[in-house]
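Residues in the sequence shown are numbered consecutively from 1, following the UniProt record's numbering. Below is one structure; the comments refer to it alone.
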Amino acid sequence: MEEVQQSTTGEMMNYEAGASTWFLDPTSVNKHAKSSGVEGVFFKDDFGNRCVWGRVIKDHSKEQAEKKYRKKHIDFESRSKFMPLKKPLSLAQIDEPRSSRYWEALGCSSGNGCDLHNGGNGPHLLNLPYEQILKYVLIAPEGISIFPHTLTTNSKSHSEFFSYTGFYSIRQYPEEKYIDDDSELTWGPLDMSSPLYTWKKKEDKEGKYFEMRKTYCPIIDAGILRTCRELYRRGSDMFFTKNRLSFWMPNASSKWSPPTLLPYGNIVFRPNPILPWDCRRWVKIDQALVQIKYQWPLPMLEGFVYYDPFLRYLHTIGPIHAAKMKNLEFEGVIRLHQCEDKNCRADTCLMQCLNVYVHFISKFCTSIEKVVVHTLLDPHFDEPVGEFLHPWGPGTIEETLDHVLEAYVQRIPTLKEFVVYDSFGNRVIDWSQELDGLQRFIENATGPKRWKRDEPVVVAIQHNIQKCGFCKEDHETEECFNLCAFCGRFGHWKRTCMEYWDCWKRDWLEEDPETDNWLKTYPHSDRWPWYFGQ
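Structure, rendered in structure tokens:
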């Protein structure tokens with residue numbers, strides 16, 4: 001029993017009369033140590049085994065990465081950037097022998113003590129069911145979107161996020177719930193998962209015990225892809241195929257499109273981040289397609305490719321991995337105002353981005369099956385920086401995105417589902433290739449049936465109505481007064497009257513005698529049978 005000087009739980013203490021100290025109840029100590037995870041305090045588990053909590057294991061990639069960067073000042077304008085610390089490796093570090101505990105961790109006790117890392121005819125690590133193993137570290141749970149972070153900067157005055165803070169973040173939309181702002185969303189880094197509990201057998205003077213540890217690991221961890229080429233090949237297919245990648249719309253402000261200080265010459269690099277929407281947009285889009293296909297260097301990219309989250313991600317992963325993506329998600333605001341102030345700092349309109357994205361999706365994302373769009377309310381609609389929408393513009397989300405859906409369906413043959421949510425979480429557009437094909441099949445099948453059912457009625461009506469055999473009007477032939485306007489006879493019109501064309505030919509040949517020879521040799525002379533007496 002441990003003696004303490006202070007405690008905050010009255011139920012866990014017994015006070016002895018005349019004593020000046022407090023003593024904890026062993027049962028309460030055991031219960032408290034087991035539930036709270038206090039390090040260094042022994043307790044008994046449900047089976048009576050001695051256990052103790054060890055140190056909590058967290059992901060230290062961020063802390064380790066921060067030590068590899070240092071702040072470097074450029075000039076007196078408070079411009080600074082973060083430069084990596086270049087420390088060459090020594091031969092002692094390169095030739096450092098691996099500890100035996102790494103090989104012991106790979107030992108397999110089921111195969112007579114054989115090692116999974118050994119080659120030959122024996123067991124191998126890649127022979128294990130990698131689908132069941134990799135899905136825990138490469139596939140996010142259902143309902144969670146992954147936001148890739150590819151835009152980086154080394155200028156501290158414009159951004160607080162750097163390349164080592166995490167390459168992905170997650171978010172989960174609530175179901176049937178009004179979304180007013182980002183506070184209503186489940187939003188956070190990748191290490192939000194519940195801890196994993198591990199244990200290890202140890203021994204001290206009092207006997208054997210188990211050391212329990214809480215291990216916090218991220219929801220997904222692509223670091224396993226760096227193990228070997230085979231795991232990279234298998235894992236990358238699983239990552240891009242099973243996950244839902246989400247992207248937000250770009251913003252032209254310096255906060256969300258920050259500049260970068262190049263390492264040589266102290267040059268501030270910041271291309272134009274605005275999407276092309278003028279007469280030369282097709283030329284810029286064609287150039288961007290070539291830049292993404294061949295993965296040009298970053299300083300040579302177009303401004304909208306450099307700062308756009310989706311296009312920058314396509315450039316980062318390359319066309320090979322882009323062809324594996326099957327589920328995309330976009331979030332943005334359909335702007336209902338016209339920006340008149342440079343301080344508006346509104347995001348790029350969702351509709352404009354989708355019209356540009358369709359060219360890149362049809363080119364690189366050749367396996368895409370589902371596109372989800374989340375539309376948010378325009379926060380600048382009622383502010384003085386903008387004005388209301390023009391009267392001839394679309395009034396609803398459906399009218400705005402109908403032609404976008406039509407373009408995606410026509411240009412992306414592999415698309416099977418296109419869903420649009422409004423700010424209230426309602427599905428305003430829900431298109432499915434299966435339902436659309438079924439609807440067309442029903443229309444094609446019911447069309448002939450409807451005609452067969454209505455055909456007798458149509459025939460009966462046609463028999464009851466007496467139509468003129470000459471002009472096809474609703475009167476009898478004997479009562480027809482539609483006569484030729486030239487000769488006044490019944491049975492033909494002026495355009496087929498032989499007397500009219502004989503008179504016309506006679507007057508024409510008197511003025512130009514060569515016309516008769518030209519008409520006879522004209523290749524389309526069959527159009528005038530009345531002229532040649534046919």
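Note that the Cβ used here is the ideal one computed from N, Cα and C, for glycine as well.
So what's residue i in DSSP terms, helix, strand or just coil?
i, result
"G332", "strand"
"L275", "coil"
"F210", "strand"
"E39", "strand"
"residue 572", "The first residue shown for the chain is 1 and the last is 534, placing residue 572 beyond what the model contains."
"R453", "With a pLDDT of 47 at R453, under the threshold of 50, the modelled position of that residue is not reliable, and the figure given next carries that caveat. R453: helix per DSSP, three-state reduction."
"S78", "Low per-residue confidence applies at S78: pLDDT is 46, beneath 50, and the placement is therefore not dependable enough to give any value."
"R226", "helix"
"F424", "coil"
"K501", "Residue identity check: residue 501 is Trp in the sequence provided, not Lys. It is helical."
"K255", "coil"
"D320", "For the sequence presented, residue 320 should be read as Ile rather than Asp. Helix."
"I292", "helix"
"I285", "helix"
"I412", "coil"
"T153", "coil"
"L301", "coil"
"D402", "helix"
"I361", "helix"
Tell me which same chain residues have a C-beta within less than 7 Å of the C-beta of residue i, skipping the five on either side of it?
i, result
"D502", "none"
"W296", "none"
"D221", "V137"
"P195", "K214, T215, Y216"
"A140", "I146, I170, I219, I220, N243"
"E211", "V52, G54, W199, K200, K202"
"L262", "F269"
Would residue i and residue j qualify as a contact pair, given that the criterion is a beta-carbon distance under 8 Å?
i, j, result
"P276", "I267", "no"
"G332", "L350", "yes"
"Y209", "F42", "yes"
"V419", "D430", "yes"
"Y357", "L151", "no"
"A252", "I224", "no"
"F364", "F247", "no"
"L328", "L245", "yes"
"G54", "R213", "yes"
"L298", "Q291", "no"
"F240", "K324", "yes"
"L134", "M249", "no"
"R411", "S362", "yes"
"G303", "P259", "no"
"P309", "K293", "no"
"Y421", "H374", "yes"
"R281", "Y130", "no"
Going by the DSSP bridge assignment, what does residue i pair with across the sheet?
i, result
"E203", "K208"
"residue 607", "In the structure displayed, the chain extends from 1 to 534; residue 607 sits before or after that span and is not available."
"V268", "L261"
"D430", "V419"
"T198", "R213"
"S246", "E329"
"L376", "V333"
"I57", "T215"
"K135", "Answer by DSSP bridge pairing: none, since K135 is not bridged."
"K44", "R50"
Got a sec? Which residues, its chain only, sit under 6 Å from residue i by beta carbon, not counting five neighbours each side?
i, result
"Y178", "Residue confidence is low: Y178 scores 34 on pLDDT, short of 50, so the model does not pin down where it sits. No coordinate-derived value is stated."
"L376", "V333, S423"
"T372", "As written in the sequence, residue 372 is Val, which differs from the Thr given in the question. Excluding residues within five positions, the ones whose Cβ falls inside 6 Å are E329, V419."
"S257", "P273, Y307"
By Cβ distance below 8 Å, which residues in the same chain neighbour residue i in space, the five residues on each side in sequence not counted?
i, result
"S236", "L225, H321, K324"
"L415", "I368, E369, K370, V371, Y408, V409, Q433"
"L289", "H359, F360, K363"
"C487", "C497, E499, Y500"
Under 7 Å: does the beta carbon of residue i sit that close to some heavy atom of the ligand FAD?
i, result
"E329", "Annotation note on the ligand FAD: not contained in the displayed structure, which lists no ligands."
#### Entry: Meets three-Cβ-pair contact criterion under 8 Å: the stretch 225 to 232 and the stretch 314 to 326
No contact exists between the stretch 225 to 232 and the stretch 314 to 326.
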